[in-house]
Amino acid sequence: MSFIRRLAGNAPPRILWSLGVLLALLLLAPALLGKYWLSVLILILYFAYVGQAWNILMGFAGQLSLGHALYAGLGGYIAAGLYFHYGIGPWAGLFAAVAVAGVAGAIVGYLGFRFSLAGVYFALLTIAFAEFTRVAFDHWGWAGGSGGLFLKVEHATDIVNLRGGPVLFYYLILALAAGAFILCRALLRSRLGQYWLAIREDAEAAQAVGVPVLRCKMIAIVISAALTSLAGVWNAFYYNNLFPETAFAMGRSIEITLAPIIGGLGTLFGPIVGAVVLTGLGEAFTDLGDVLRIPGIKQIFYGLALLVIVAYRPAGVWPWLADKLGLKERQP
Amino acid sequence: MSGARLDLGGVTKHFRGLRAVHEVSFTVPAGAIHALIGPNGAGKTTIFNMIAGVYAPNGGVVRLDGKAISGLRPDLICDAGVGRTFQLVKPFKGLSVLENVTVGALHRKPRLAEAQESANAILARLGLYDRRHQLAESLTLPDRKRLEVARALATEPKLLLLDEVMAGLRPTEVDVMVGFLRELNQRSGLTILLIEHVMRAVMALAAEVVVVSYGEKIAEGTPQEISRHQAVLDVYLGEQEEL
Numbered sequence: 001m002s003f004i005r006r007l008a009g010n011a012p013p014r015i016l017w018s019l020g021v022l023l024a025l026l027l028l029a030p031a032l033l034g035k036y037w038l039s040v041l042i043l044i045l046y047f048a049y050v051g052q053a054w055n056i057l058m059g060f061a062g063q064l065s066l067g068h069a070l071y072a073g074l075g076g077y078i079a080a081g082l083y084f085h086y087g088i089g090p091w092a093g094l095f096a097a098v099a100v101a102g103v104a105g106a107i108v109g110y111l112g113f114r115f116s117l118a119g120v121y122f123a124l125l126t127i128a129f130a131e132f133t134r135v136a137f138d139h140w141g142w143a144g145g146s147g148g149l150f151l152k153v154e155h156a157t158d159i160v161n162l163r164g165g166p167v168l169f170y171y172l173i174l175a176l177a178a179g180a181f182i183l184c185r186a187l188l189r190s191r192l193g194q195y196w197l198a199i200r201e202d203a204e205a206a207q208a209v210g211v212p213v214l215r216c217k218m219i220a221i222v223i224s225a226a227l228t229s230l231a232g233v234w235n236a237f238y239y240n241n242l243f244p245e246t247a248f249a250m251g252r253s254i255e256i257t258l259a260p261i262i263g264g265l266g267t268l269f270g271p272i273v274g275a276v277v278l279t280g281l282g283e284a285f286t287d288l289g290d291v292l293r294i295p296g297i298k299q300i301f302y303g304l305a306l307l308v309i310v311a312y313r314p315a316g317v318w319p320w321l322a323d324k325l326g327l328k329e330r331q332p
Numbered sequence: 001m002s003g004a005r006l007d008l009g010g011v012t013k014h015f016r017g018l019r020a021v022h023e024v025s026f027t028v029p030a031g032a033i034h035a036l037i038g039p040n041g042a043g044k045t046t047i048f049n050m051i052a053g054v055y056a057p058n059g060g061v062v063r064l065d066g067k068a069i070s071g072l073r074p075d076l077i078c079d080a081g082v083g084r085t086f087q088l089v090k091p092f093k094g095l096s097v098l099e100n101v102t103v104g105a106l107h108r109k110p111r112l113a114e115a116q117e118s119a120n121a122i123l124a125r126l127g128l129y130d131r132r133h134q135l136a137e138s139l140t141l142p143d144r145k146r147l148e149v150a151r152a153l154a155t156e157p158k159l160l161l162l163d164e165v166m167a168g169l170r171p172t173e174v175d176v177m178v179g180f181l182r183e184l185n186q187r188s189g190l191t192i193l194l195i196e197h198v199m200r201a202v203m204a205l206a207a208e209v210v211v212v213s214y215g216e217k218i219a220e221g222t223p224q225e226i227s228r229h230q231a232v233l234d235v236y237l238g239e240q241e242e243l
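Protein sequences appear in the order of chains G and C.
Residues 1 to 332 in the UniProt record's numbering are what the first sequence spells out, letter by letter.
Residues 1 to 243 in the UniProt record's numbering are what the second sequence spells out, letter by letter.
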């Protein structure tokens, strides 16, 4: 109980009540929603989760990664490969996935942070790692090479091996998204989280007040990579197929960054609000495209919508929305 | 909180052939307030950066209470008990005033609530309490200077390095800051070394003054001695009225 109270901190009661109601509705959603809306909700939760994971590195610690597909891809391939080749279930496989992605994050982080690559130069490093991992997987027989890795589709629900329909994967991604939200809240209220914010604002000044900058950045990238790899495991078992061309794609990396950017970098609700807005827009423009029968119209509208949001709400949708709803956190 | 003694022994720093600081030695006894003055480009801030660990000296040693600290990382030097402000202020712009100081306080008080409590106390003493929820970027320059001091004090230093915290302050504000620093020094015994161009503050605070020019120490003594010192007068010829 005291952990919950500490976590709640100074959050207004209204926000806590709203979160409780939201969680209850989300738990009931599979009973209330049809197949289509459940699939939309799954997408939202997926983007909220990976967005939260990426936001730890960029929004909190201020380090721009444009190669997060690396960690999702590694996670997915490792858990799926272990299951495919040796019958090792994903609940065990995810530990291997997290370990490998964490090590990959540590390598990228050490090279970048130890040698003080900042901003776009660090971003280029992250892209480079994702790219040559993609090329390596294209040629790696164990992982199926460029032909891909396929898991057998089974409809009977088997929680031990994560085989089953959308409802199973809905609850899994809901648990991940809720867990990541709580973890990020706890991190932000810890010394480490405050140190990250200080590094994001001014690393030199942070170090002068005793912040071990390199260590804090390393922790940020390892946690971010590890969480992202879990999204990869989920992805692999939900979609049952993996290709290097998509798993490690630049587009995959960009897609991970969009929800927190649109929702509000460095905020807890940003990735969630961003995921709702983006998925909502995506679905709406898909429908519009079907009605208008103009090829490519979805992408054009989607791009324009992002442009408008970034132009008018550069700090993201959430800070503006929180202000409108009067949900600013009380300060001690 | 009590003060620590600072010793610089023959400290030297070169930047690719440029001799920024050459064999500078001086001592600030525990609990004393000393000033470091000199014309622009004399190497004052470079000396600060060597004490605070931004640069490792090319020669010589910096000691805090007899323990060599030169060459350590800035966060470890903070750990050893050195707090510093930046001449060009470096607030955490996107964070509130309270959060800025809390980050400093977290160094000795790892729990957020306790760190916030001690940050609030420091803000109250520096007259920033009413602005604690404002973003640091919204502060005026004098307030940013105060924030620098507050954030450094939050780390509970034994030696405080102040790099031109009076610059840009009005005379009445200078007097307030002088009063605050003197009280702080008397109450806690904190050792203070300040770089300052505002002579009004130097005269009021410093027991001794070290003068540097072109990277070398040219004089050392009480403010009265320094103001009569011929080498110092020569260096400051164009700025005599300020002395």
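Even for Gly, the Cβ is constructed at its ideal location relative to N, Cα and C.
It should be emphasised that the depicted structure is a prediction, and the values quoted were computed from it without experimental measurement.
Residue i versus residue j - alpha carbon distance
i, j, result
"L207/G", "S118/C", "Note that residue 207/G corresponds to Gln in the displayed sequence, not to Leu. When rounded, the distance between both Cα atoms is 20 Å."
"residue 297/C", "G266/G", "Any answer about residue 297/C is impossible in this case: the structure gives chain C only from 1 up to 243."
"P57/C", "L141/C", "31 Å"
"M130/G", "I300/G", "The question names Met, but residue 130/G in the sequence shown is Ala. A130/G and I300/G: Cα-Cα distance of roughly 27 Å."
"A167/C", "G263/G", "41 Å"
"A52/C", "A203/G", "15 Å"
"N240/G", "V317/G", "34 Å"
"G119/G", "Q63/G", "7 Å"
"G193/G", "Q52/G", "14 Å"
"A4/C", "V209/G", "18 Å"
"G144/G", "D138/G", "8 Å"
"A42/C", "A115/C", "38 Å"
"P166/G", "A29/G", "12 Å"
"S229/G", "Y214/C", "56 Å"
"V160/G", "W91/G", "7 Å"
"L188/G", "L26/G", "25 Å"
"I182/G", "A99/G", "22 Å"
"A8/G", "I15/G", "10 Å"
"W54/G", "L197/G", "15 Å"
"I218/C", "F60/G", "47 Å"
"I78/G", "E154/G", "20 Å"
"L82/G", "K152/G", "14 Å"
Bridge partners - residue i, DSSP secondary structure assignment
i, result
"F26/C", "L8/C"
"H14/C", "R19/C"
"I294/G", "None; I294/G has no bridge partner."
"I192/C", "I33/C and L160/C"
"N241/G", "F150/G"
Cβ-heavy atom distance, residue i to the ligand NAD, below 7 Å
i, result
"S253/G", "Looking for the ligand NAD in the displayed structure turns up nothing, as the structure carries no ligands at all."
With 16 other Cβ atoms within 10 Å as the buried cut-off, status of residue i
i, result
"Y55/C", "buried"
"D130/C", "exposed"
"N10/G", "exposed"
"Y238/G", "buried"
"R111/C", "exposed"
"Q240/C", "With a pLDDT of 48 at Q240/C, under the threshold of 50, the modelled position of this residue cannot be trusted, and the question is left open."
"G296/G", "exposed"
"G232/G", "buried"
"D75/C", "buried"
"P171/C", "exposed"
"N40/C", "exposed"
"I226/C", "buried"
"V89/C", "buried"
"D287/G", "exposed"
"K35/G", "exposed"
"P157/C", "buried"
"A31/G", "exposed"
Please identify, using Cβ separations under 7 Å, the residues of the stretch 155-182 of chain C that lie next to chain G, in order along the chain.
T155
Suppose only complete runs of 3+ residues qualify. What are the beta strand (DSSP E) ranges in the stretch 83-162 of chain G, listed by chain order?
none
If you scan the stretch 198-231 of chain C from start to end, which runs of the beta strand (DSSP E) of 3 or more residues do you find wholly inside it?
208-213 and 216-221
I'd like the ranges of any beta strand (DSSP E) spanning at least 3 consecutive residues and lying wholly in the stretch 124-183 of chain C.
159-163
At 4 residues or longer, and completely inside the stretch 155-225 of chain G: list those alpha helix (DSSP H) runs for me, N to C.
166-188, 191-201 and 203-208
Members of the stretch 189-214 of chain G near chain C, C-beta cut-off 8 Å:
R189, S190, R191, Q194, Y195, L197, A198, R200, E201, D202, E204, A205, A206, Q207, A208, V209, G210, V211, P212 and V213
For the stretch 49-67 of chain C, list every residue whose C-beta sits within 9 Å of some C-beta in chain G, in sequence order.
A52, G53 and V54
Residues of the stretch 101-118 of chain C with a CB closer than 7 Å to any CB of chain G: list them in chain order, please.
T102, V103, G104, L106, H107, P110, L112 and Q116
Interface residues of the stretch 87-99 of chain C facing chain G [CB-CB below 8 Å]
K90, P91, F92, K93, G94, L95, S96, L98 and E99
What residue ranges within the stretch 44-116 of chain C form continuous alpha helix (DSSP H) runs of no fewer than 4 residues, ordered along the chain?
44-52, 74-80 and 97-105
Scan the stretch 18-32 of chain C for residues whose Cβ lies nearer than 9 Å to a Cβ of chain G and list them as they occur along the chain.
none
Length-filtered (4 minimum) alpha helix (DSSP H) runs lying within the stretch 294-329 of chain G
297-312 and 317-325
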